[in-house]
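Count along the sequence shown from 1, then add 583; that gives the number in the numbering used here.
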Amino acid sequence: YFANGGDEELYCSSADWMDRNLLRRVEVAFPILDTELRSRVFREELENYFIDNTQAWVLNADGSYSRQSPGESAPHSAQATLLRQL
Numbered sequence: 584y585f586a587n588g589g590d591e592e593l594y595c596s597s598a599d600w601m602d603r604n605l606l607r608r609v610e611v612a613f614p615i616l617d618t619e620l621r622s623r624v625f626r627e628e629l630e631n632y633f634i635d636n637t638q639a640w641v642l643n644a645d646g647s648y649s650r651q652s653p654g655e656s657a658p659h660s661a662q663a664t665l666l667r668q669l
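This is the structure in structure tokens:
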């Protein structure tokens, strides 16, 4: 998912886009162009990760990462949610 200055783009991929996954093997990535399908994928899957406040890390504008914390909100773990859905 790329916010892309308000022109959002969503891709499905066979791997996360890390150097170690892209240097010596072939990975597939494709855009989800259909607006309805893109909304469904975001709502049913990605939203869970965006509200994770126990295990998530955020990439800051300066290139550093900071760990999310629940603060005053109720703790939400994306992985725990997915495991419950299984």
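Using N, Cα and C, we set each Cβ at its ideal position, and we do this for glycine too.
#1: Counting only runs of 4+ residues fully inside the region 613–642, write out the alpha helix (DSSP H) ranges in chain order.
#2: Going by the CB atoms, is the gap between L665 and F625 shorter than 8 Å?
#3: Just curious, the alpha helix (DSSP H) that R667 is in, first and last residue?
#4: From T637 to P658, what distance separates their C-alpha atoms?
#5: DSSP three-state label for R603, please.
Well, looking at it:
#1: List check, alpha helix (DSSP H) in window: 618–624 and 630–633.
#2: Contact flag unset, no.
#3: Here the alpha helix (DSSP H) through R667 covers A661 to Q668.
#4: Computed Cα separation, rounded: 6 Å.
#5: R603 sits in a helix when the DSSP states are folded into three classes.
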